[in-house]
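A.B. asks: The numbering of the sequence shown is my numbering, which starts it at 71 and goes up by one. Beta carbons: idealized from backbone N, C-alpha and C, even for Gly.
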Amino acid sequence: MSQHFKDAQSNAITQSGISRVIPCKELDIGDPIKWLSLGLRDFLRTPVISLFYGIMFAVIPWLIVFLVRMTGWHLVILPAIVCFMLIGPFLAAGLYDVSWELEKGHKPTLRHSLRAMKRNAVNEWGFGILLMVLMIFWLRVASLIHALYPPYLDDSLDSLLPFLALGTLVGAAFVSFMLFISAFTQPILMERKVDLATAVLTSVNAVWLNKVPMFIWGGLIFSAVAIGFVTGFIGFVFLMPLIGYATWHGYIDTITTKRERNYV
């Protein structure tokens, strides 16, 4: 092991004693593009399974919008988002299983990928609840920022600019925090029998040590989500499986193992 690698692993996270942190590798700036290309390969090799999960990811936000328009009751958004935050990680686990099976030289099946959702169910639910709590916190912060906007001001750009700037800064901080804790947590929980704290801190450690390529990766994810919303969630049918598969390859590329993976 090189001295640079040893130095990279010596930081407050790995030495905290809070939890066992799985070591990571140093990434190149172009690795996120490589992950996308590998994800596209997996999508093309498993189009039926990929479209199944893609449709699931597209239907959920579509149902949220449909319920709001049908009932006119915007309070339905919060419980709907809570359900999505709990279900989303399990759908992602199914996508990771597809890429995992392909790497092992197996033929992926929908049934096998669905069974992957319960491989580490307790910690998977724990992660979903963590995401749910963070999402509710963000919604409360966003409401607070909106409440700070004085009603007597007009809608000109000069009047809105301070609040747009504040919202953007707070939102960027929240998104960055989410990237740190969730970048590799889900694949770790699916492949390895580890606790939630170990998975989350391993993800934080890996992102911290590879800030530039990981923030590029975060930008690609944000762009995919934005395209999905702009296209009325239709883009999710293709983009969410692509991001899911690419995330698995990013995990394989980043988080080390004691023994080499003997994949075909």
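Give the list of continuous alpha helix (DSSP H) stretches no shorter than 4 residues that lie fully inside the segment 110-189.
C.D. replies: 117-141, 147-173 and 180-185
A.B. asks: Candidates Tyr166, Phe244 and Leu231: which alpha carbon is nearest Tyr321's?
C.D. replies: The candidate whose alpha carbon is nearest that of Tyr321 is Tyr166.
A.B. asks: Which same chain residues end up closer than 6 angstroms to Ser169 when comparing Cβ atoms and leaving out the 5 residues on each side of it in sequence?
C.D. replies: Asp112, Tyr315 and Trp318
A.B. asks: May I have the straight-line CA-CA distance separating Leu110 from Val192, to the nearest angstrom?
C.D. replies: 31 angstroms
A.B. asks: Excluding the 5 residues flanking Gly288 on each side, which residues of the same chain have their C-beta closer than 6 angstroms to its C-beta?
C.D. replies: Its chain contains Leu249 as the residues whose beta carbon lies nearer than 6 angstroms to that of Gly288, once the 5 sequence neighbours on both sides are disregarded; these appear in chain order.
A.B. asks: If I measure Cβ to Cβ from Asn280 and keep anything under 6 angstroms in the same chain, skipping five residues before and after, which residues do I get?
C.D. replies: Leu97
A.B. asks: Should Thr324 go down as buried or exposed, given a rule of 16 or more other Cβ atoms within 10 Å for buried?
C.D. replies: buried
A.B. asks: Assign Ala235 to one of two classes, buried (16 or more other C-beta atoms within 10 Å of its C-beta) or exposed (fewer than that).
C.D. replies: exposed
A.B. asks: Going by DSSP, what residue range makes up the alpha helix (DSSP H) through Glu194?
C.D. replies: Ala191 to Ala217
A.B. asks: Mind checking Ile313: buried by the 16 CB within 10 Å criterion, or exposed?
C.D. replies: buried
A.B. asks: How many Å lie between Leu231 and Lys95 at the Cα?
C.D. replies: 41 angstroms
A.B. asks: Grouping DSSP H, G and I as helix and E and B as strand, with all else coil, what is Ile304?
C.D. replies: coil
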